[in-house]
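Remarks on the structure that follows.
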Amino acid sequence: MNQAASITRLDGSAYQAKDVTVLDEHIVEIVSDSGEGAQRCGQSLGSIAAKMGNGIWTVEIIPAEIRPPARSAAGASGNRIRIGAGAVTNGGDDTKLVVAFNEQVLLGRVDAGELADGCIVLLESMWREHKDPAIVKSYVEAHDALLAKGYRVREVPMEEECLKLVRDARRGKNMFALGMLCSVYSLDMGLAREQIELTFGKKAVDVVTANLQLLEAGYAWAEAHLDFKFSIPAQRATVPQLVANGNTALAFGVLASGIDICAMYPITPATSASHYLSEVFEKLGGIVHQAEDEIAACTFAIGASYAGKCAITITSGPGYSLKQEAIGLAVMAEIPLVVVNVQRGGPSTGQPTKAEQGDLLTAMFGSHGDAPKIVMAASTIEDCFHSVITARKIAETFNMVVVLLSDANLATSQQPFPRPVFNPAWVAPPIDQSTLPVGAKPYDWDAETGLNRRFVPGQPGGAHTITGLAHDRMSKVAYDPETNEESLRARSLKLAAFQKTLKPPQVHGDEAGDLLVVGWGSTKGTIEEAVDRLRAEGHKVSSVHLRYLQPMQPGIGEIMKRFGKVMTIEMNWCDSLDEALIDPDNRRYSALAMLLRSRYLVDVDCWSEVKGQPIKPATIRKVLLAKLAREV
Amino acid sequence: MNMQTTDYLLKRYEEHYEIEDYQGGVPRWCAGCGDNAILTATQRLCRDENLPPEKTVFVSGIGCSSRFPHYMKTYGFHGIHGRALPIAEGIRMARPDLNVFVNTGDGDCCSIGAAHWIHAIRYNMNLTVVLHDNQIYGLTKKQASPTSPIGTKSNTTPTGSHLDALNPITVTLGVQNVSFVAQAVDWNPESLYEIIKAAYKHRGLSFVRVVQRCPEWLPKVFDPFMQDPSKILLLTHERGLAPSAGLSKLYHNQEEHDPLDRDNAFAIAANPEFLPVGILYHDPKVPCYEDLRGAGQARSIEMIEQGFNAELDKYTVWPEGVSADGQTGE
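So, in structure tokens, the structure goes:
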């Protein structure tokens, strides 16, 4: 569907009208060398589209190194934005349009298989005239090869155009690119100008002016030179929306939960949550403590929780491993604690900037001995916010450790969601400092639920020593067999007591059918999109997404029984039965599949991808089709 | 009037504590273990300073010395090996109204928890830290510790330990923000008490190394210092320890040492000839981390709500015609 567009310049004169192709959605990315500002361009584009009322999902394209060599395929840095007419719940499939600042970063994206066939490429053309013949050769070869492969390559003299306005085109090319994209996607230039003022507002006036000029120049260039123009219908939301990434949403959750203290140690990809908190928390009376190491961060949080309100520590894989002994202490001494693990690729240092769901079993079973803790996983960016508040509440109600799993995908992706309306019930109540009755026991485990009242230092009559050693109801060290078993039972029962407060998960799609997909964490939007596509094609597929992994919500077994086949889709390793060596006796299942199989005695299959990238809905659709077609 | 007097007296009575009010479980340490002396001195300090038991927390790690909190009748936190200091820091940050003590051993503090030790000194939070240094692992039955003298025969060093001992005093003195360093010996109750008391009175991290006998595993290691009091160097100063006549008579080998003189403190501590007893370093002006961070601020729900909403405003896309202040446009 085409329609004519009429857009006015700043001075009110009209650009020549072009045919505009109306799209349901498009995926666009901007890639450059690290430090050339493609990230900012992408984020701005996402914000502008979101403000117009489009659904968006942005994904950061991050090189693993801080300063990778210039013009290298591995150094591609930037942002990928899926813009939709309706709500967008994930990063989607292949990229349809890419702006590249050099051919090498572009090739990086081609090699990664991220670009759709026939993808439009807006390529910086300065390299064609470069004084180094090797660079010219490389550029020309890449350009010709991409054309031959069917990519719609348009060379753009970005450098040349920018140099008309600024002395150093490296600072500003990104805003020129933003201007081009505003033209290509028929975005509101008023909002784009606002965005620039918001971004550069703290800097000098001439910086804002220069960037505004670059924006206009990019827009004008695209209007004059590109023979295509898109429009993705937008409907401005009727309620205020927040546009934030998952880590910022986590930090909002910390603010709203009334947590006083966050102890952390720098680690990717968790740290940006603490960066943001450090910026704002203190103004609100909270404290972010950067400890000397992960163990200190966890034990500091435990000390703070023991004497005050529930504290939080935020980390990623390696840090989570280091905290294990301390987490066991909090379990044993029944000190409330929220531990956030923003998962990355593992094991060991693994892939720090990439997404994986490899820590589920560690989250549940980490720490030696029987150390029951609650494990929950955020599945959307909005959920990152609410989960912190919920985790704090559960931790304090049950005197337990709550592990909240997020991942690099949620951490760095941006998505609009309805702005939460502050609820005073979110905030932790003041600590109990009342006098305890004579004879009160610090671990007076309830026979049915295992629960007990926590004594907080400062409470008269409650003095006792808590210990990681086995202890009795008076918190006295106890090695006798009965007491040991009694205390293990009480700590375990609390999980069941908590489980009884949970509702069954909701099925996405029909309540019964041929295939049920079970997922957890950041894959929710993608799995549901794949399921929706298959359902539209007439397949009887549904999905269910688990928020609580330990304990699991009730009713899951019944749901599974209503489907012919059940499988999980996860981003952690599982062996494929197609391998010569692999058979049902030695197959290693994905984490959730293993848990479901053992609990429900259902033959749950699994499929996983561990490429460090979010799984694409089209990939899942294919996997599910294949599963439907197989006999078992 | 009479009623008021009674109330006052009752209040005085209720808020006055005896030694028994601090005595928890019966210590399970060996007879002759130096930990007993530290416990006695600490309980006496609590009584003399009239510390409310519910407002006092003893934090420890793992090891013989770390059983300490169980023997106090205050709040206590018997943590995990090496991590007493960060636990205590968290308590202090959450609750600057509490008196927080740390009892740790040479394995706990100087080996597995060494990173926390260095950083705790730098944070300089208001904690009274007592290092029970018996130069050997006791609870795990005689392994060399970082402070074991070179040549110490143990179950892991049957031919004698290989390395020179780490000196906890010189290490502590070398860390930025150090504010209080003292040394005591378990076999002299008077100076032990006075030194722990000075440590408690200091606002900041006070580090007291107590040279402590282990009758089970290293029974003779301190004999030279016990048999010959002249090998003890008593440090005196008007801003340090003012010894009684009796103490002066016992330890006549004395040096007037200005606790602000860190170089001299280092020289004294590094000299293997004498075992210094007294206050090596004391700078009351080093800022405390919890003060720098504004610990213990009262936070109202209104304050949280306002701050939260102000933050959300920065990330909000408003519906057409609605602005951040909630005003609907024309």
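Protein chains in written order, with our numbering: chain A, 1 to 632; chain B, 633 to 962. Glycine is no exception: its CB is placed at the ideal position from the N, C-alpha and C atoms.
| query | Between which two residues does the beta strand (DSSP E) harbouring MET567 of chain A extend? | reply | From DSSP, the beta strand (DSSP E) with MET567 of chain A extends over 563 to 570.
| request: Determine the burial state of ASN211 of chain A: buried for a count of at least 16 other Cβ atoms within 10 Å of its Cβ, exposed for fewer. | output: With 16 or more other Cβ atoms from the protein chains shown falling within 10 Å of its own Cβ, ASN211 of chain A counts as buried.
| task | Please work out which residues of its chain come closer than 6 Å, Cβ to Cβ, to LEU10 of chain A, disregarding the five sequence neighbours upstream and downstream, and give them in chain order. | result | Low confidence applies to LEU10 of chain A: its pLDDT is 49, below 50, so where it sits in the model is not reliable enough to give any reading.
| task | Name, in chain order, the residues that DSSP records as bridge partners for THR435 of chain A. | result | Per the DSSP secondary-structure output, THR435 of chain A pairs with nothing in a beta bridge.
| request: Report the option in A:GLY450, A:LEU337, A:ASP407 whose CA atom is closest to the CA atom of ALA395 of chain A. | output: Looking at the Cα atoms, A:LEU337 is the closest of the given residues.
| field | chain B contact residues for ARG236 of chain A, given Cβ-Cβ distances below 8 Å | value | Chain B residues near ARG236 of chain A: PRO951, GLU952.
| query | Per DSSP, what kind of secondary structure is HIS26 of chain A in: helix, strand or coil? | reply | Note: HIS26 of chain A maps to strand in three-state DSSP.
| C-alpha gap between ALA4 of chain A and TYR185 of chain A, whole angstroms | The pLDDT assigned to ALA4 of chain A is 43, lower than 50, so where the model puts this residue is not dependable; a value taken from the coordinates is nonetheless given after this. Spanning the two alpha carbons is a distance of roughly 13 Å.
| Taking the runs of the beta strand (DSSP E) that are 3 residues or longer, which of them lie wholly in the segment 780 to 831 of chain B? | Within the segment 780 to 831 of chain B, the complete beta strand (DSSP E) segments of 3 residues or longer fall at 812 to 817, listed in chain order.
| query | Residues of chain A with CB under 7 Å from PRO701 of chain B, in chain order? | reply | Residues of chain A passing the Cβ test: THR465.
| Whether GLU334 of chain A touches ASN484 of chain A by CB criterion (8 Å) | Contact: no.
| For LEU106 of chain A, the residue or residues it bridges with in DSSP | Per DSSP, none; premise fails for LEU106 of chain A.
| said: Suppose you measure from the CA of ASN787 of chain B to the CA of SER793 of chain B; what does that come to, to the nearest Å? | reply: The straight-line gap from Cα to Cα measures roughly 10 Å.
| query | Is TYR883 of chain B helix, strand or coil by DSSP? | reply | Three-state result, TYR883 of chain B: coil.
| query | Is there at least one Cβ from chain A nearer than 8 Å to GLU943 of chain B's Cβ? | reply | With 8 Å as the cut-off, GLU943 of chain B counts as an interface residue toward chain A.
| said: Suppose you measure from the CA of VAL254 of chain A to the CA of GLY657 of chain B; what does that come to, to the nearest Å? | reply: For the pair VAL254 of chain A and GLY657 of chain B, the Cα-to-Cα distance works out to about 40 Å.
| said: Does the contact criterion of 3 or more C-beta pairs under 8 Å hold for the segment 406 to 418 of chain A versus the segment 435 to 444 of chain A? | reply: In this structure the segment 406 to 418 of chain A does not touch the segment 435 to 444 of chain A; the number of beta carbon pairs closer than 8 Å is below three.
| query | In terms of residues, what are the limits of the alpha helix (DSSP H) holding TYR151 of chain A? | reply | Careful: TYR151 of chain A lies outside any alpha helix (DSSP H) and carries neither H nor E.
| Contact between the segment 275 to 285 of chain A and the segment 350 to 367 of chain A: three or more CB pairs below 8 Å? | Judged by Cβ distances under 8 Å, the segment 275 to 285 of chain A makes no contact with the segment 350 to 367 of chain A, as fewer than three pairs qualify.
| said: Give the list of continuous beta strand (DSSP E) stretches no shorter than 3 residues that lie fully inside the segment 216 to 264 of chain A. | reply: For secondary structure counted as the beta strand (DSSP E) over 3 or more consecutive residues, the segment 216 to 264 of chain A holds these complete runs in sequence order: 241 to 245, 261 to 264.
| field | Proximal chain A residues relative to VAL689 of chain B, where beta-carbon distance stays under 8 Å | value | Against chain A, a Cβ distance below 8 Å from VAL689 of chain B picks out ALA307, PRO457.
| query | According to DSSP, what are the bridge partners of GLY84 of chain A? | reply | DSSP lists A:GLU25, A:GLY55 as partners of GLY84 of chain A.
| To which residues of the same chain is ASN409 of chain A closer than 6 Å at the C-beta, ignoring the five residues directly before and after it? | In the same chain as ASN409 of chain A, and ignoring 5 residues on each side of it, the C-beta atoms closer than 6 Å to its own belong to ALA355, SER522, PRO614, in chain order.
| field | Where ALA927 of chain B meets chain A, residues with beta-carbon distance less than 7 Å | value | Chain A residues near ALA927 of chain B: ILE287.
| field | Closest Cα partner of ARG392 of chain A within the set A:ASP383, A:VAL402, A:CYS384 | value | Ranking A:ASP383, A:VAL402, A:CYS384 by CA distance to the CA of ARG392 of chain A puts A:VAL402 first.
| query | Taking the alpha-carbon positions, what's the SER231 of chain A to ARG344 of chain A distance? | reply | Going from the Cα of SER231 of chain A to the Cα of ARG344 of chain A covers about 36 Å.
| For GLU652 of chain B, which residues in chain A fall below 8 Å Cβ to Cβ? | One finds nothing in chain A with a Cβ atom closer than 8 Å to the Cβ of GLU652 of chain B; even the nearest lies about 13 Å away.
| query | From this set, B:LEU892, B:ASP893, B:LYS863, B:GLU888, which residue's C-alpha is nearest LEU882 of chain B's C-alpha? | reply | Out of B:LEU892, B:ASP893, B:LYS863, B:GLU888, B:LYS863 has the C-alpha closest to the C-alpha of LEU882 of chain B.
| message | Quick check: the segment 716 to 731 of chain B against the segment 317 to 325 of chain A, are at least 3 beta-carbon pairs closer than 8 Å? | response | As far as the Cβ criterion goes, the segment 317 to 325 of chain A does not touch the segment 716 to 731 of chain B, which means the pair count is below three.
| Contact under 8 Å by Cβ, ALA897 of chain B with ASN799 of chain B | Contact flag unset, no.
| request: Take the Cβ of ASN903 of chain B as the centre, count every other Cβ of all protein chains shown within 10 Å, and call the residue buried at 16 or more, exposed below. | output: By the neighbour-count rule (16 or more Cβ atoms within 10 Å), ASN903 of chain B is not buried but exposed.
| Does the separation of the CB atoms of LEU502 of chain A and TRP520 of chain A fall below 8 Å? | Taking 8 Å as the cut-off, the Cβ atoms of LEU502 of chain A and TRP520 of chain A do not count as close.
| Beta-carbon neighbours of ASP583 of chain A, restricted to chain B and to distances below 9 Å | Correct list: empty, because the minimum Cβ distance to chain B is about 43 Å.
| request: Below 8 Å CB to CB, which residues in the same chain sit around ARG636 of chain A once its five sequence neighbours on both sides are set aside? | output: This structure cannot speak to residue 636 of chain A, because chain A is shown only from 1 to 632.
| Within chain B, the residues that LEU163 of chain A reaches when beta carbons sit closer than 8 Å | Near LEU163 of chain A there are no residues of chain B at all, since even the closest Cβ is about 34 Å away, more than 8 Å.
| task | Give the straight-line distance between the Cα atoms of ALA38 of chain A and ILE66 of chain A, rounded to the nearest whole angstrom. | result | Distance between the alpha carbons of ALA38 of chain A and ILE66 of chain A is about 15 Å.
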